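Some notes on the structure that comes next.
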Ligand SMILES: Cc1cc2nc3c(=O)[nH]c(=O)nc-3n(C[C@H](O)[C@H](O)[C@H](O)COP(=O)(O)OP(=O)(O)OC[C@H]3O[C@@H](n4cnc5c(N)ncnc54)[C@H](O)[C@@H]3O)c2cc1C
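Numbering (the numbering used here), first residue to last: 982 to 1448.
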């Protein structure tokens, strides 16, 4: 097929559950490609000599290679080509914000639609599972050193995967009763089915990784105790689970439930109905996940309040599209200023209209309140989902350098903290970010720990990554 012919193929469509059906349950919304559509989509790739998609992918997957193998019908080889760099393809293919990462850099996106890289990666994994293929890499001969991993999110999972397959004994300590970090208690199951997370942990356990849940490092056991128990290195991947507050009067009233707290409670099985009218505050994926979850748990009038314009919402376009299809309205250029209540329970939210003021170097403009434009919204609940910060309880008792954002400071090449046996990565270092960036940092941390155990230079031949 020549380039002209490839250029003439339109981006292949994916099947999705109908909006009226999906709001009644937590089933996965987006179906994968079938063989014919996957190969047709793979034919659209131009196999660029300097593939920009690889630069856009935080873990630099060899995307053109796995796409080429896929279109040649060599699916299993394509899967393993992807696994060379990505230990969690089933997860990344479903949750990565592809439009801002690999697909956002695809040359075909300049004059049309980019190659559907995420869906092609997902096809490889789904095909392997459907055909009963083994997804577990061979384990290495056991080595002496052992590693403690604090937190079972994508960062912790990646460290465990790489270290265990290199032969090191690993134990993951997780404070919640469930594993997967924000993949399990943040991202809803309709975007990431829980069986996928469970399968990743089964494969970690099959390579000897111990997983201890319901144990909080910092309170149930300290980092120093882990050292005393003989762990040669510790990786801290505790994420960013503390909700940022709105800072307005009335935030303590009943009916105010902060975004990640709300999702955690639902994902841990609590039956929660926020009432008929729900207002979610924020413009990112967390806000959208809260709004769509509220719909699925019985609320019938849900809307999002965002202080900038729709074009500035940090959530992915696909998520905004799904949200609107499901009937959630987005009220832009407005923000809450006070939560009113009766008998300790909220009943109204006072908001103010905003306009966009001065823009910074990145082109992001500051929202400015319009004086005298206050208005009221009747509501049964408000879900502020405006950001998260890192809870540093895990590092109590260890003198670690922190950044000015209260995240763990690490060497940008090695992920080593100011304490030489302690490495960190993911949201605990970056603040709330993405799964792929957490995976990237975890890979670098694992590489450093292996070098440390082998008495090798931690830095030689490594390049810094700028996010
Ligand atoms: C609602 C929501 C939607 C998101 N959507 C997307 C998306 O679509 N795409 C994307 O790429 N990213 C998304 N993200 C972000 C992504 O989930 C995170 O960037 C990623 O999970 C960070 O990985 P991590 O391993 O650093 O931390 P986490 O995944 O947060 O895992 C940290 C784990 O550490 C545990 N822990 C914390 N303290 C302790 C302690 N003291 N002792 C023991 N265990 C502890 C926590 O319970 C948690 O399980 C979303 C986040 C949220 C909240």
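Here a beta-carbon is modelled for each residue, glycine too, at the ideal position from N, C-alpha and C. What you are looking at is a predicted structure, and each value in this text was computed from that prediction instead of being measured.
Given residue i as reference, the closest of the options once Cα atoms are compared
i: residue 1084; options: 992, 1187, 1310; result: 992
i: residue 1393; options: 1413, 1421, 1377, 1314; result: 1421
i: residue 1005; options: 1403, 1436, 1170; result: 1170
i: residue 1204; options: 1060, 1154, 1259, 1185; result: 1154
i: residue 1402; options: 1080, 1207, 1036; result: 1207
i: residue 1097; options: 1440, 1143, 1299, 1113; result: 1299
i: residue 1373; options: 1197, 1166, 1009; result: 1197
i: residue 1142; options: 1213, 1188, 997, 1039; result: 1188
i: residue 1200; options: 1049, 1291, 1378, 1307; result: 1378
i: residue 1152; options: 1220, 1396, 1214; result: 1214
i: residue 952; options: 989, 1440, 1429, 1362; result: No answer is possible for residue 952: the residues shown for the chain start at 982 and end at 1448.
i: residue 1228; options: 1368, 1404, 1050, 1185; result: 1368
i: residue 1335; options: 1348, 1328, 1327, 1267; result: 1348
i: residue 1431; options: 1144, 1000, 1012; result: 1144
i: residue 1251; options: 1428, 1278, 1415, 1052; result: 1278
i: residue 1240; options: 1211, 1275, 1218, 1219; result: 1275
i: residue 997; options: 986, 1011, 987; result: 1011
i: residue 1178; options: 1138, 1191, 1156; result: 1138
i: residue 1290; options: 1316, 1308, 1271, 1304; result: 1316
i: residue 1093; options: 1182, 1185, 989; result: 989
i: residue 1221; options: 1082, 1135, 1445; result: 1135
i: residue 1051; options: 1014, 1068, 1237; result: 1014
i: residue 1407; options: 1002, 1131, 1127; result: 1131
i: residue 1202; options: 1125, 1156, 1104; result: 1156
i: residue 1062; options: 1332, 1429, 1048; result: 1048
i: residue 1265; options: 1247, 1030, 1286, 1059; result: 1286
Any non-hydrogen atom of ligand 1 closer than 6 Å to residue i Cβ
i: residue 1006; result: no
i: residue 1241; result: yes
i: residue 1178; result: no
i: residue 1174; result: no
i: residue 1266; result: yes
i: residue 1204; result: no
i: residue 1340; result: no
i: residue 1095; result: no
i: residue 1155; result: yes
i: residue 1198; result: yes
i: residue 1170; result: no
i: residue 1415; result: yes
i: residue 1038; result: no
i: residue 1019; result: no
i: residue 1136; result: yes
i: residue 1244; result: yes
i: residue 1068; result: no
Residue environment, residue i, which counts as buried when at least 16 other CB atoms sit within 10 Å
i: residue 1356; result: exposed
i: residue 1108; result: buried
i: residue 1117; result: exposed
i: residue 1163; result: buried
i: residue 1433; result: buried
i: residue 1065; result: exposed
i: residue 1028; result: exposed
i: residue 1396; result: buried
i: residue 1026; result: buried
i: residue 1320; result: buried
i: residue 1345; result: exposed
i: residue 1332; result: buried
i: residue 1419; result: buried
i: residue 1340; result: exposed
Length of the line joining the Cα atoms of residue i and residue j
i: residue 1263; j: residue 1230; result: 18 Å
i: residue 1225; j: residue 1021; result: 44 Å
i: residue 1034; j: residue 1088; result: 8 Å
i: residue 1039; j: residue 1324; result: 49 Å
i: residue 1041; j: residue 1079; result: 13 Å
i: residue 1463; j: residue 1388; result: No answer is possible for residue 1463: it lies beyond the span of the chain, which begins at 982 and ends at 1448.
i: residue 1147; j: residue 1129; result: 15 Å
i: residue 1295; j: residue 983; result: 37 Å
i: residue 1102; j: residue 1273; result: 26 Å
i: residue 1176; j: residue 1415; result: 21 Å
i: residue 1167; j: residue 1380; result: 30 Å
i: residue 1258; j: residue 1330; result: 11 Å
i: residue 1309; j: residue 1282; result: 7 Å
i: residue 1073; j: residue 1301; result: 19 Å
i: residue 995; j: residue 1123; result: 44 Å
i: residue 1399; j: residue 1069; result: 29 Å
i: residue 1371; j: residue 1435; result: 32 Å
Enumerated in chain order, which unbroken segments of the alpha helix (DSSP H) with a length of 4 residues or greater are wholly contained in the segment 1347-1431?
1408-1411
Ranges of the alpha helix (DSSP H) found wholly within the segment 1059-1146, counting only runs of at least 4:
1070-1076, 1083-1086, 1098-1111, 1135-1146
Contiguous alpha helix (DSSP H) assignments of at least 4 residues, all confined to the segment 983-1011:
984-988, 1000-1003
Identify every run of the alpha helix (DSSP H) within the segment 1143-1186, keeping only runs that are complete inside it and at least 4 residues long; order them along the chain.
1163-1166
Tell me the start and end of each unbroken beta strand (DSSP E) in the segment 1260-1317 that is at least 3 residues and wholly inside, in chain order.
1282-1286, 1310-1312
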